[in-house]
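Numbering (my numbering), first residue to last: 214 to 347. Note that CB positions come from ideal geometry on N, CA and C, so glycine has one too. Since the structure is predicted, the reported quantities are computational estimates derived from the model, not experimental observations. Working notes for the structure below.
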């Protein structure tokens, strides 16, 4: 299950054959995001398990999940943007039903991220899932 916004990324990735272009695309997605206000970069929003600094600020409004995030690493900020397109706007039940590993596999990211980046991505997904389950 993926949002139409995430499906756009899948389609764009199919068009971009070169991995350098795909990395640039992910980085551009991150650059397009509004930065997380410094007041939200606190221990409660920090994601452990990431090599870089990562903050996720989830919020639920009328049963609909949204999150904002930020990182000090451009590729990680781009991964946050991709996850936002995967999850934002879903109900909590739908967030819990998303198989994020399978969706990210559709992008081929699992094969092209370093072990540290993969661990960080997994930590971000676990945080999102835990918020949706709470």
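Rounded to whole angstroms, what is the Cα-Cα separation between residue i and residue j?
| i | j | result |
| --- | --- | --- |
| residue 224 | residue 217 | 10 Å |
| residue 236 | residue 278 | 27 Å |
| residue 333 | residue 274 | 26 Å |
| residue 246 | residue 323 | 23 Å |
| residue 303 | residue 231 | 31 Å |
| residue 215 | residue 252 | 31 Å |
| residue 300 | residue 233 | 25 Å |
Report buried or exposed for residue i, applying the criterion of at least 16 other Cβ atoms within 10 angstroms of its Cβ.
| i | result |
| --- | --- |
| residue 343 | exposed |
| residue 276 | exposed |
| residue 243 | buried |
| residue 229 | exposed |
Below 8 Å on the Cβ atoms is my guess for residue i versus residue j; work out the distance and round it to an integer in Å.
| i | j | result |
| --- | --- | --- |
| residue 240 | residue 296 | Not really, about 15 Å apart at Cβ, beyond 8 Å. |
| residue 298 | residue 222 | 6 Å |
>> Quick check on the DSSP output: what are the complete beta strand (DSSP E) runs of length 3 or more inside the region 239-314, in order along the chain?
In response: 267-274, 277-284
> Given 8 Å as the limit, is there contact between the region 278-296 and the region 252-269, that is, 3 or more CB pairs closer than that?
Replying inline: yes
> If we count Cβ pairs, one from each stretch, closer than 8 Å, do we get three or more for the region 248-261 versus the region 305-314?
Replying inline: no
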